[in-house]
Amino acid sequence: MLFLVQSAATLVLALLATQDLRERRLSNGAVLAFAMLYLIAAALAHDGLAQLAAHVATAAAMLLLFAGLHHAGWIGGGDVKLAAAVFLWAGPTLAFPVLTIVAASGALYGVAALAVVAWRRHTAPARAIAPRGVPYGIALALGGALAVWVPFPHAVSLT
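Numbered by this note's numbering, the letters in the sequence shown go through residues 3 to 161 in order.
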């Protein structure tokens with residue numbers, strides 16, 4: 003049963019990454035669904051209240067960190083909410099590895115986006131190039147997938 007919840011969470015992440023790439027927005031409902039799937043997974047894994055509290059505290063800390071990035075104009079509001087949901091899944095144990103994946107993949111995507119913009123400037127008129135920013139939801143989805151699929155420490159079985 004846990005496998006089904008993890009699969010559903012991965013599907014939601016894929017949908018969010020696709021939506022961010024196409025529309026530069028993240029659906030609040032999908033982000034909420036992803037977060038709620040963690041609560042189901044935690045219940046299935048028989049995580050106790052202490053474990054749940056640690057995950058919620060990690061999510062809250064990352065919400066503050068990413069809110070600061072949003073305040074600085076570096077990421078969008080949807081990214082802030084998705085980051086909190088991703089780190090709810092990660093918890094304190096996986097917070098650093100997930101943050102590393104998110105930062106590295108976000109940086110790689112940003113460099114690729116800059117290369118595309120530079121190439122388009124040589125091939126298209128300046129007015130045809132609209133600044134769209136980097137869809138950071140893709141990087142968050144990659145980090146989220148890591149958090150979803152690393153086995154729950156207290157899970158007896160993935161079935």
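For each residue, glycine too, the CB sits at the ideal point set by N, CA and C.
Selection Ala47, Leu110, Ala43, Leu66 evaluated against threonine 12 yields Ala43 as nearest (Cα-Cα).
DSSP places tyrosine 138 in no alpha helix (DSSP H); its state is neither H nor E. In this structure, the straight-line span from the alpha carbon of glutamate 25 to that of isoleucine 103 is close to 23 Å. Taking the C-beta atoms as reference points, leucine 28 is found no nearer than 8 Å to glycine 146. Here DSSP, grouped into helix, strand and coil, assigns serine 29 to coil.
Comparing alpha-carbon positions, the option among Ala10, Ser9, Ala32 lying closest to leucine 18 turns out to be Ala32. Contact annotation: the stretch 47-64 touches the stretch 92-108, with at least three C-beta pairs closer than 8 Å.
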